[in-house]
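Participant: Top line first, the protein sequences correspond to chains A and B.
Once you know that position 208 of the first sequence is 212 in this note's numbering, the rest is easy, because the numbers rise by one and skip nothing.
Once you know that position 155 of the second sequence is 159 in this note's numbering, the rest is easy, because the numbers rise by one and skip nothing.
C-beta: ideal position from N, C-alpha, C; glycine also.
This is the structure I have questions about; it appears just below.
Number of protein chains: 2
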Amino acid sequence: MADEPAEVRPGRAGQVTPRQPGAFSLAVDAMGGDHAPEAILDGLELAAERHPQARFLLVGDEARLGGLLATRPRAAKACSLRHAPEVISGDLKPTAALRMRGSSMRIAIDAVAGGEAAGVVSAGNTGALMALAKIVVKTLPEIDRPALAAIGPSARGDVVMLDLGANVQCDARNLVEFAVMGDAFARSVLGLTKPTIGLLNVGSEELKGDERVRQAAETLRDSAFGVNFRGFVEGHDITAGTVDVIVTDGFTGNVALKTGEGALKLMRDLLRQVFTSSVPARIGYLLARPALDRLREWMDPRRYNGAVLIGLNGVVVKSHGGTDAIGFAHAVDVAMDMVTHRFNERIREGLAQLGVAAPRPAAALKE
Amino acid sequence: MADEPAEVRPGRAGQVTPRQPGAFSLAVDAMGGDHAPEAILDGLELAAERHPQARFLLVGDEARLGGLLATRPRAAKACSLRHAPEVISGDLKPTAALRMRGSSMRIAIDAVAGGEAAGVVSAGNTGALMALAKIVVKTLPEIDRPALAAIGPSARGDVVMLDLGANVQCDARNLVEFAVMGDAFARSVLGLTKPTIGLLNVGSEELKGDERVRQAAETLRDSAFGVNFRGFVEGHDITAGTVDVIVTDGFTGNVALKTGEGALKLMRDLLRQVFTSSVPARIGYLLARPALDRLREWMDPRRYNGAVLIGLNGVVVKSHGGTDAIGFAHAVDVAMDMVTHRFNERIREGLAQLGVAAPRPAAALKE
Numbered sequence: 005m006a007d008e009p010a011e012v013r014p015g016r017a018g019q020v021t022p023r024q025p026g027a028f029s030l031a032v033d034a035m036g037g038d039h040a041p042e043a044i045l046d047g048l049e050l051a052a053e054r055h056p057q058a059r060f061l062l063v064g065d066e067a068r069l070g071g072l073l074a075t076r077p078r079a080a081k082a083c084s085l086r087h088a089p090e091v092i093s094g095d096l097k098p099t100a101a102l103r104m105r106g107s108s109m110r111i112a113i114d115a116v117a118g119g120e121a122a123g124v125v126s127a128g129n130t131g132a133l134m135a136l137a138k139i140v141v142k143t144l145p146e147i148d149r150p151a152l153a154a155i156g157p158s159a160r161g162d163v164v165m166l167d168l169g170a171n172v173q174c175d176a177r178n179l180v181e182f183a184v185m186g187d188a189f190a191r192s193v194l195g196l197t198k199p200t201i202g203l204l205n206v207g208s209e210e211l212k213g214d215e216r217v218r219q220a221a222e223t224l225r226d227s228a229f230g231v232n233f234r235g236f237v238e239g240h241d242i243t244a245g246t247v248d249v250i251v252t253d254g255f256t257g258n259v260a261l262k263t264g265e266g267a268l269k270l271m272r273d274l275l276r277q278v279f280t281s282s283v284p285a286r287i288g289y290l291l292a293r294p295a296l297d298r299l300r301e302w303m304d305p306r307r308y309n310g311a312v313l314i315g316l317n318g319v320v321v322k323s324h325g326g327t328d329a330i331g332f333a334h335a336v337d338v339a340m341d342m343v344t345h346r347f348n349e350r351i352r353e354g355l356a357q358l359g360v361a362a363p364r365p366a367a368a369l370k371e
Numbered sequence: 005m006a007d008e009p010a011e012v013r014p015g016r017a018g019q020v021t022p023r024q025p026g027a028f029s030l031a032v033d034a035m036g037g038d039h040a041p042e043a044i045l046d047g048l049e050l051a052a053e054r055h056p057q058a059r060f061l062l063v064g065d066e067a068r069l070g071g072l073l074a075t076r077p078r079a080a081k082a083c084s085l086r087h088a089p090e091v092i093s094g095d096l097k098p099t100a101a102l103r104m105r106g107s108s109m110r111i112a113i114d115a116v117a118g119g120e121a122a123g124v125v126s127a128g129n130t131g132a133l134m135a136l137a138k139i140v141v142k143t144l145p146e147i148d149r150p151a152l153a154a155i156g157p158s159a160r161g162d163v164v165m166l167d168l169g170a171n172v173q174c175d176a177r178n179l180v181e182f183a184v185m186g187d188a189f190a191r192s193v194l195g196l197t198k199p200t201i202g203l204l205n206v207g208s209e210e211l212k213g214d215e216r217v218r219q220a221a222e223t224l225r226d227s228a229f230g231v232n233f234r235g236f237v238e239g240h241d242i243t244a245g246t247v248d249v250i251v252t253d254g255f256t257g258n259v260a261l262k263t264g265e266g267a268l269k270l271m272r273d274l275l276r277q278v279f280t281s282s283v284p285a286r287i288g289y290l291l292a293r294p295a296l297d298r299l300r301e302w303m304d305p306r307r308y309n310g311a312v313l314i315g316l317n318g319v320v321v322k323s324h325g326g327t328d329a330i331g332f333a334h335a336v337d338v339a340m341d342m343v344t345h346r347f348n349e350r351i352r353e354g355l356a357q358l359g360v361a362a363p364r365p366a367a368a369l370k371e
């Protein structure tokens, strides 16, 4: 297999294939992330098997990528190369990243903005990706602000949560739009036909709720879109799986995501201590291991890799920077699901059901 | 033992002992919570053993409590009874609770406001307790708003987090005051001499932080108080134990607390499934059980029972409504620690170190 990299078509920098609209399913930033480009290409090797129709525009150091593709035949068939002379480092400020026109991330994003690719996947600098995506790919005209969404595990299956940090301050209108986008995401990526939606709030026992959240709930309840809106949920409902889509502002969402991850990590670390604390405990671990391995597999962060900046004129997926090939392939899965399942059309349908094609605060909150 | 309830001194309603300033360590709402009054009295039986000098004013249905004390000799010795003809139900609105003058919760809180008791513990309606405490016990003159604080487990020992829901909207000044109160709480209840403090924020990778949080950080950094201020922390730092005190607004804190609890519950439920999924796994569980039991004990929510409304002219501790005697005794421990370790004086010392005895926004934020 290694001797038939037939479809690798290297060419001049940034000019491999004709810039043909819709030529590629996804543009892939081959140089972003801790284990790039090897983990990225290994991930594409897996992704190419799962998505045989997919065409990837692979952006990065052409010479290096060409060599790596030679030993990855499926990726080689699915990819076209485009050279990028620069790489955005993990600590580069978004403003500096915006000025760097020759980065692999920028050229991949340019391919989406230019209509060549339906989406982009990068494991690089998050701040840079979000800034570039917003400025180059641009926000959907119907949406006020894009949001960062991801999928996580719950007792009743996968749940979608947004915003995870794109907007630290949100008003009621933003929350309503997040609900519509979260619904579209759950339909496209989780394959749910009627995802239920909850707005994150503090407990009913507290003296007062949050005004923005109350306004957003009222708008959702009063619209045709609100059929699957379940009202307020609390922090513990995220992992309980009370609803399929959890909507909140980017500050709370980011803290909740990381708090939940932290709690799970604490528990894993403590279990590791438990199972190494004595000889009987070690034997106990070996006996329970097949079941524990299934649990580990089920909770595997790689299965949940791929945070998505939604609300843009194209699909933008951020893979975790530290992920491996399996995790990167999952991020590609998310992007492919969004590309093939009419994600942005579903957002438009949801907004139409809200009764406001482009809801403005006054209209959205008073109705 | 059951035949010597010598120190029970029942009397007329609300008029058992002379209303003597400082006569009691704590007033205890005997009627609040799912298992009241039995669990409350069993908890006091444990607490009386741990705190032999403590005197409790036990407020509730006098006839019923008298009978129950007859079989709880230590509690009987430590308690004086005061009759309360009414009980605040779990679903009563705070406004209605405020109008009910004869409730056990109200009479217990009145004892704090009147100086008879240094603090109050209740497992009753949270909203009612917070409203009554604010209005009857009143906020410290130096503090703008009280906050709800609690202790939780981390990889490096117990951590304090506040606000957990008393204030859904906070400004920078509130956050600074929460830091001072959290510091005093960690000194009094965790016994730390130099607790480290962190302000909860979103990751550095996000495009922008939160303005209030940045202002609060600046104020803390620029003061003598800020020696132990460690700057921003993120959600995963809570269970990592990166700092001893986590400061945030009541909306984020409430969501983070419940998200963390939810994640731990998910993990516990999944482990239960793992250990009952096969015969080897069941045997494995039995072998690892002593170590797993230690883990369970360490994470026992009862150990962390007792959320505290701090910043008031007295100690106000809310026990979880569903807790048992062990949990209630822990809530009493927290209250006793605050009473005996000069909690409010420590708040004043912290505020003095801030360089502003009673910081006002303009002063607090510009310096």
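(1) Using the Cβ count rule (16 or more neighbours within 10 Å means buried), how would you classify Leu358(A)?
(2) Counting only Cβ pairs nearer than 8 Å, list the residues of chain A close to Asn258(B).
(3) Taking Asp167(A) as part of the alpha helix (DSSP H), name the residues at either end of that continuous run.
(4) Determine the extent of the beta strand (DSSP E) in which Phe229(B) is found, giving its start and end residues.
(5) Check each residue of the region 307 to 327 of chain A: if its Cβ is closer than 8 Å to any Cβ of chain B, include it; give the result in chain order.
(6) Out of curiosity, what's the CA-to-CA distance linking Ala333(B) and Ala43(B)?
(7) Would you be able to state if there are at least three C-beta pairs under 8 Å between the region 251 to 258 of chain B and the region 165 to 176 of chain B?
(8) Quick one: residues in its chain with C-beta nearer than 6 Å to the C-beta of Ala121(A), no 5 flanking neighbours on either side, listed in chain order?
(9) Tell me, please, whether the region 153 to 164 of chain B touches the region 120 to 139 of chain B by the rule of three or more beta-carbon pairs shorter than 8 Å.
(10) Closest by CA to Thr243(A), which one among Met35(A), Met303(A), Ala285(A)?
(11) In or out: Gln219(B) buried (at least 16 other Cβ within 10 Å) or exposed?
(12) What are the partner residues of Val283(B), as DSSP defines its beta bridges?
(13) To which residues does DSSP link Asp33(B) through a beta bridge?
(14) Output needed in chain order: residues of the region 138 to 164 of chain B with a Cβ under 8 Å from some Cβ in chain A.
(15) Give me the Cα-Cα distance between Ala311(B) and Met185(B), rounded to the nearest whole angstrom.
(16) Residues in its own chain within less than 6 Å of Phe279(B) by CB, not counting five upstream and five downstream?
(17) Please report how far the alpha carbon of Glu209(B) lies from the alpha carbon of Ala80(B), in whole angstroms.
(18) With a cut-off of 8 Å on the beta carbons, I'd call His240(A) and Gly266(B) a contact; round off their distance for me.
(19) Could you work out which residues of chain B lie near Glu265(A), taking near to mean beta carbons separated by less than 7 Å?
(20) What are the start and end residues of each continuous alpha helix (DSSP H) run of 4 or more residues lying completely inside the region 116 to 165 of chain A, in chain order?
(21) Work out the CA separation of Lys322(A) and Ala176(A) for me, nearest whole Å.
(22) Would you mind sorting Gly47(B) into buried or exposed? The rule is 16 or more other CB atoms within 10 Å of its CB.
(23) For Val336(A), decide whether its Cβ has a neighbour in chain B, counting only Cβ atoms nearer than 9 Å.
(24) Pairs of beta-carbons, one from the region 314 to 330 of chain B and one from the region 34 to 42 of chain B, closer than 8 Å: are there three or more?
(25) By alpha-carbon positions, which one of Ile250(B), Asp297(B), Ala329(B), Ile287(B) ends up nearest to Arg272(B)?
(26) In this structure, how does DSSP classify Glu90(B) when only helix, strand and coil are distinguished?
(27) What residues match up with Cys83(A) in a beta bridge as DSSP calls it?
(28) Apart from the five residues on each side of it in sequence, which residues of its chain come closer than 6 Å, Cβ to Cβ, to Val124(B)?
(29) Tell me the DSSP secondary structure of Ala311(A) in three-state form.
(30) Taking 9 Å as the threshold (beta carbon to beta carbon), is Pro199(A) in contact with chain B?
(31) So, helix, strand or coil for Leu204(A), using DSSP?
(32) Taking 9 Å as the cut-off, decide whether the C-beta atoms of Met35(B) and Ser108(B) are in contact.
(33) With a threshold of 7 Å on Cβ separation, who are the neighbours of Gly94(B) within its own chain once the five nearest residues in sequence on each side are excluded?
(34) By how many angstroms is the C-alpha of Pro98(B) removed from the C-alpha of Glu146(B)?
(35) I need the DSSP call for Arg234(B), collapsed to helix, strand or coil.
Facilitator: Looking at the atomic coordinates:
(1) By the beta-carbon neighbour count (other beta carbons within 10 angstroms, threshold 16), Leu358(A) is buried.
(2) Residues of chain A passing the Cβ test: Val206, Gly207, Glu210, Glu238, Gly239.
(3) Looking at the DSSP string, Asp167(A) is not in any alpha helix (DSSP H), and its letter there is neither H nor E.
(4) Element bounds for Phe229(B): n/a, residue is neither H nor E.
(5) The region 307 to 327 of chain A vs chain B, Cβ under 8 Å: nothing.
(6) Using only the alpha carbons, I get a separation of about 9 Å.
(7) Result yes; three or more Cβ-Cβ pairs closer than 8 Å.
(8) Phe28, Leu30, Ala31, Leu61, Ala115, listed in sequence order.
(9) Output reads no: the region 120 to 139 of chain B does not touch the region 153 to 164 of chain B.
(10) Looking at Met35(A), Met303(A), Ala285(A), the one whose alpha-carbon comes closest to that of Thr243(A) is Met303(A).
(11) A buried status is given to Gln219(B), since no fewer than 16 other beta-carbon atoms sit within 10 Å of its beta-carbon.
(12) Under DSSP, Val283(B) takes part in no beta bridge, so it has no partner.
(13) Answer by DSSP bridge pairing, in chain order: Val63(B).
(14) Listed by position, the residues of the region 138 to 164 of chain B near chain A (Cβ gap below 8 Å) are Pro157, Ser158, Ala159.
(15) Answer to the nearest angstrom: the Cα atoms are 14 Å apart.
(16) Taking C-beta separations shorter than 6 Å and ignoring five residues to either side along the sequence, the partners of Phe279(B) in its chain run Ala285, Tyr289, following chain order.
(17) For Glu209(B), the pLDDT reaches just 44, beneath the cut-off of 50, and the residue's location in the model is therefore unreliable, although a value from the coordinates is still provided. Pairing Glu209(B) with Ala80(B), the inter-Cα distance amounts to about 58 Å.
(18) Right, the Cβ-Cβ distance comes to about 3 Å (below 8 Å), so this counts as a contact.
(19) What Glu265(A) touches in chain B: His240.
(20) Counting only runs of 4+ residues, the alpha helix (DSSP H) found wholly inside the region 116 to 165 of chain A occupies 130 to 136, in chain order.
(21) One C-alpha to the other measures close to 26 Å.
(22) Gly47(B) is buried by the Cβ-count criterion.
(23) Using beta-carbon distances, Val336(A) does not count as an interface residue toward chain B, since no partner is under 9 Å.
(24) Taking a cut-off of 8 Å for Cβ pairs, the region 314 to 330 of chain B and the region 34 to 42 of chain B touch, as three or more such pairs fall below it.
(25) Per the Cα distances, Asp297(B).
(26) Glu90(B) falls in the strand class under three-state DSSP.
(27) Phe60(A), per the DSSP bridge assignment.
(28) So the qualifying residues of the chain are Ala31, Ala112, Ile113, Val116, Val320.
(29) Three-state DSSP puts Ala311(A) in a strand.
(30) Answer no: the Cβ-Cβ gap between Pro199(A) and chain B never drops below 9 Å.
(31) Three-state result, Leu204(A): strand.
(32) Cβ distance < 9 Å, so Met35(B) and Ser108(B) count as in contact.
(33) Once the five neighbours on either side are set aside, the close Cβ partners of Gly94(B) are Asn129, Gly325.
(34) Cα to Cα, the separation comes out at about 25 Å.
(35) Three-state DSSP puts Arg234(B) in a strand.
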